[in-house]
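Protein chains in written order, with the UniProt record's numbering: chain H, 1 to 69; chain U, 1 to 69; chain S, 1 to 335; chain L, 1 to 335; chain G, 1 to 351; chain B, 1 to 351.
In this text, a Cβ means the ideal position worked out from N, Cα and C, and glycines have one as well.
None of these values were measured; they are calculated from a predicted model.
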Ligand code: SF4
Ligand code: SF4
Ligand SMILES: [Mg+2]
Ligand SMILES: [Mg+2]
Ligand SMILES: [Mg+2]
Ligand SMILES: [Mg+2]
Ligand SMILES: [Mg+2]
Ligand SMILES: [Mg+2]
Ligand SMILES: [Mg+2]
Ligand SMILES: [Mg+2]
Ligand SMILES: [Mg+2]
Ligand SMILES: [Mg+2]
């Protein structure tokens, strides 16, 4: 459920953020995330930025691999 | 003004008459004419029978011709 | 069909589009030339080729005497026939409103099948688009026909000559009158059915009678009056019309009387206007009267050198007056 | 034109219909084969003839990269090209909504003129109907094309063979993505323009490179994915797709990511899928890269004997999975 | 038609007209349908030089002022009202556009055969507001009144009339000097009777009531010419199969019960006191102007248009600079070019 | 992707999965997107016999009961409301028809990307009544709440939600016995955090939070298998770039402020107490059920449909008699065949 899209924040203003995914831009709500800044990566769902993420890709998975596998 | 159509009354009921012109039938108001009967000829305008006429054609004109010309 | 109505999915190009095509269109149109590919591969006509297209948006799609499917075949077949061309191939493109009843679509396809058979034309390729509810009213069909022009006959709107007799193949205005009665709610009851018919057989019969023909034109949109003005213009001739000789069904006359319309400007979908040298006229009429759709063929006037570009009528009092030129929209009038 | 909008009178078949045809359509389409008569009289193609029809109901009618006029020429020209046929003649039937701006109609006609010229096709006959306000949304165009099948090349959806390379002539899904962004108000900004283009020149170049071709298909409605499934079915072969090799513009990917759509199912209007023996593939791609509309041509997979009727993709983890079959309406999804 | 005897007589009427060599006479056909039939039959071509036929203000479409169209368009576009109308009005230019133009912009314009059908439509579509455009003279007014009566009986609150009905007597007064003989409008007289026309004789105004078939019209013209030569004011009812001295009492009473006189603007003739009709206060719920508080419209006709002069017989259509050029039935500039009965349209179509 | 190091690691995850030879284990992917990705990536084909993947109730479309569709259709067809919805719901069969079927009958159905767009549409169309179909779990609920807040700020009285939002914890309880390991839905955890999952470990319920890329998913599965072999209940957050222990406080507070728990029907699982959400009384003006007095609907699913069993992992889609015959993505009989994430659809599309 809940298709998520990781995207880069390119603009912030007053509760909304413009996010960019491969050049496709759209305004989403940033009301659930404090302190967003242009350049941050967020997970977007249904027009709302629901989580700040450390990177747009899944490179962190490497650490998990090392830790558990 | 006021395209008139002479047509034959084929049915009468309560303020309305069904008139027939060459097989094209339509219901019109007969409220302006008392004592209409099936078989009568009327002059119809805008959905109202406005006058009872002596005949569907203009044969009466003959008399005028004789009288005046 | 499992679906009772046409859905957006039927227009999406996937499985359901194929289902619709297979179960409705192929089922009715099947013939050796029909393709499911991007284009049909065909043997070209021999000699000269006639090509004609027409869009059909009649509302309502079903009317006494036919439906939009029958009409869409007749219209294009007749345009080919009017060039002296035997109809060979036909394509049809449908635009269907989401929610259109599947049963009605089948009825349309079945009428097309029957009419195409009668006209001897093969449906070779089609297209189906589904438009969202309200984006189109019911169903629109565009047909395009390809015909083989028969040797020895050259007809065209610019070939009328003074001295030609003008023949109409039957009583006029029935299609337009039928649609008017069905569409607008004028409360008029009249036993009028569309004259919609495929006329290649008729044209063929006339061509077999004589090659000495100048103009054949189907009097569709705009009616016989518009066709006469068109030809008067194209051939730079005058046309003298004998108003009393024009066959009009009494019911059509009655409807026109009520609504203040001129029958000469009501559409036909199964009537031809033929112009040919006077000496051929009797033979042509005789031939026509033996054909299924032209038992009431009549000579209604002649082509004259005077009054080029105009249509003059003899009036009841023996004077001559112009037929008013074809106007715009047909509007029933009160004054 | 005196009128700023299209009126019912323009569709009534009289003077104003002629005015519209003369001033808008003839002005743009004029050529030796164009007729004002019921049907055009033409010299038939030599050899075999290809005939194709398509209706165009794109909404909006104007979009980045083109308009419905350009589209209506490209669509039919490309269908002919996909049969290896040089487009010769084209008919067009318009259905126009009462009140449609005349200026827009001119713009459409002008795009058709330009595109037809580029494709080397003559517009030979047309039809104009005006539908009442709300009876149709803006303007619909149906075009029918006639082409001459070039000697020495036989292509068809049923001719794919195991071992064939599958080539796509450019990045996919741009037309569908453009329309989606214009039509629905998803609030997404992306620099995407339609790939709409006439491709006879491209096909000709490929055919001049090699006659050893099996399938040429334009990936329109339903996109490349639908075409692949169609051909897998028609030729009873499997298709192995290298998903990573399919060119997709990043913006299109981004839009698809947001809306949960698969680019393989977005419509193109200027992209071909070509299947040809592997040994020809490099030459074909090289040729394509020199043509104006296929600089990004790529080999995206191969035809296989296994999995007949199916399209399998290699996944990121090295497994194989089916490409989901083409479904119905494209619906942006949230889950 | 058909029997030899009457064929003979018909020729006689034509002969009388063609061979007229009495004094110069100006005959005004008051009725638009007469104008139309005279053209259709090519009667003008028969007339000797001293007989001049003038087309009077007898087409309800032609005399309806621009502001009325503007009011109707206001109702349709601003108030979302469904307009029901006779087809004739659809293409009449308003200040900015015609009803056909409004329809292009989404206005709902329905063409009806009868006001009764408009009322029926309102009854069947309770969610729509429906207004009938009530134009016309004595012949047509009763039909509008009957529809309002029906609406009241049916308890409708979504039906109304936009009234621009007019009455003829005041126009006769205004036109008195313009012609020697009036060809009175037969269907108006069917309602009004002939007493007024007879009375006008006493003021020196001559006229004949004419019917609408070719024979009726020719006979009426012939009678007019014969009588005119006699040199004194005359009146003859040449349409006796339809027109009586009293006319239709029922129609007169109906209209009198529901409507009252008001000043009315006639295109060309200007404001004529007491020449128009409006619904009486008891029926104000059915008066669209009151119901929708239609603002006063200052209709602006196209300045090039000479309809006004044409309608008064002061000039011929062909004297108008734009006649047949900018102004044609396909692109009418003035009302007289719209209706098949308009003098400009008739001149254009038939010559 | 791309550098050799991680390529190596990826192979390792795959190797672990392919070569698993521990005890029989049932893993339930709770999340529909996981179901979809697992099929898309062909992961099932890699699994050795002892690993069984069960598709859980994690597609909001699949668990939404028939009655909800019926309510939406009632609003659209009976009340003339403009329905805004995510595209996924459009083809879900209701008792008599789907929303697509209602659209054929003239219902106004708009597909939106976000509830915020539905609110914006309502603002721009004050003459229309607009209802957003609010389905989904913790991830989606905040978006609906934000749209209602915006509507209040904008002073709209034409915007409302038809709420069928659900919460996961109660479902975990209900499904406890159905699986050995849960593959927790990463985006739900992004909102809720991981504390509940950790707490479940104490009840003996194991699980991993998984992300959505191929590597994330494979890694999470590999981790689950490795940990499972260790023999004791475990929890690992395998999606740390998005999921934290606390989740989104802002989202939790927002939803808590505006919504309250209610009993809720899950297709397949039946009524689960306190597993649903409804707007609090302060927001009742935005609650479509209250606003339009929607009558209680007794949704009747097609009796042939085994969606309920499928959603509980009690049977496979292919065990349903109509699977692939009467029921296909083109003609879905049950909700599980509609959404690309539905288990039946995924089975059909990818096998
Ligand atoms: S020709 Fe046209 S503009 Fe001139 S007076 Fe007549 S209607 Fe008016
Ligand atoms: S196959 Fe269709 S009917 Fe059967 S359980 Fe799945 S969704 Fe329901
Ligand atoms: Mg044609
Ligand atoms: Mg035609
Ligand atoms: Mg024709
Ligand atoms: Mg097609
Ligand atoms: Mg009827
Ligand atoms: Mg085609
Ligand atoms: Mg095509
Ligand atoms: Mg194609
Ligand atoms: Mg045509
Ligand atoms: Mg846009």
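According to DSSP, what are the bridge partners of residue i?
i                     : result
residue 283 (chain B) : Paired residues: none, contrary to the question.
residue 21 (chain H)  : H:24
residue 260 (chain B) : B:278
residue 272 (chain L) : L:218
residue 125 (chain B) : In DSSP, residue 125 (chain B) forms no bridge with anything.
residue 133 (chain S) : S:136
residue 56 (chain L)  : L:141
residue 237 (chain G) : G:209
Considering only the beta carbon of each residue, do residue i and residue j sit closer than 8 Å?
i                     : j                     : result
residue 143 (chain B) : residue 47 (chain H)  : yes
residue 294 (chain S) : residue 53 (chain L)  : no
residue 150 (chain G) : residue 64 (chain G)  : no
residue 90 (chain L)  : residue 143 (chain L) : yes
residue 134 (chain G) : residue 89 (chain G)  : no
residue 323 (chain S) : residue 225 (chain S) : yes
residue 31 (chain G)  : residue 339 (chain G) : no
residue 274 (chain S) : residue 213 (chain S) : yes
residue 312 (chain B) : residue 279 (chain B) : no
residue 109 (chain B) : residue 140 (chain B) : no
residue 343 (chain B) : residue 82 (chain B)  : no
Might you give, ordered along the chain, the residues of its own chain that have their beta carbon closer than 8 Å to the beta carbon of residue i, omitting 5 neighbours on each side?
i                     : result
residue 107 (chain S) : 62, 67, 69
residue 4 (chain G)   : In this predicted model, residue 4 (chain G) has a pLDDT of only 42, less than 50, meaning its place in the structure is not dependable; the value taken from the coordinates is given anyway. No residues qualify anywhere along the chain.
residue 191 (chain S) : 251
residue 51 (chain H)  : 33, 42, 43
Can you give me the Cβ contacts of residue i inside the same chain, cut-off strictly under 7 Å, excluding the 5 residues immediately before and after it?
i                     : result
residue 283 (chain B) : 148, 258
residue 100 (chain S) : 5, 6, 138, 139
residue 209 (chain L) : 283, 284, 287
residue 9 (chain B)   : Summary for residue 9 (chain B): the model assigns pLDDT 46, below 50, so the residue's position carries little reliability; its value from the coordinates is reported in the next sentence. Around residue 9 (chain B): no qualifying Cβ.
residue 326 (chain S) : 222, 225, 226, 229, 265
So with CB distances below 8 Å, who are the chain S contacts of residue i?
i                    : result
residue 49 (chain L) : 41, 42, 43, 44
Name the chain B residues whose beta carbon is nearer than 8 Å to that of residue i?
i                     : result
residue 327 (chain L) : 329, 330
Go through its chain and collect everything with a Cβ distance to residue i's Cβ below 6 Å, but skip five positions before and after it.
i                     : result
residue 228 (chain S) : 239, 311
residue 176 (chain L) : 266, 267
Does the beta carbon of residue i sit closer than 8 Å to a beta carbon anywhere in chain C?
i                    : result
residue 12 (chain H) : Absence of chain C from the displayed structure is noted, the protein chains being H, U, S, L, G and B.
Within 8 Å, do at least three Cβ pairs link the segment 183-198 of chain G to the segment 241-257 of chain G? yes
For the 8 Å Cβ check, are there 3 or more pairs between the segment 236-248 of chain S and the segment 295-313 of chain S? yes
Inter-stretch contact (C-beta, 8 Å, three-pair minimum) for the segment 217-228 of chain L and the segment 255-275 of chain L: yes
Does the structure place the segment 311-320 of chain S close enough to the segment 189-209 of chain S that three or more beta carbon pairs sit under 8 Å? no
Does the segment 115-124 of chain L touch the segment 68-85 of chain L, meaning 3 or more C-beta pairs lie closer than 8 Å? yes
Specify whether the segment 30-49 of chain S and the segment 117-129 of chain B touch according to this definition: at least 3 beta carbon pairs, one from each stretch, less than 8 Å apart. no
Below 8 Å, can you find three or more Cβ-Cβ pairs linking the segment 165-172 of chain B to the segment 303-310 of chain B? no
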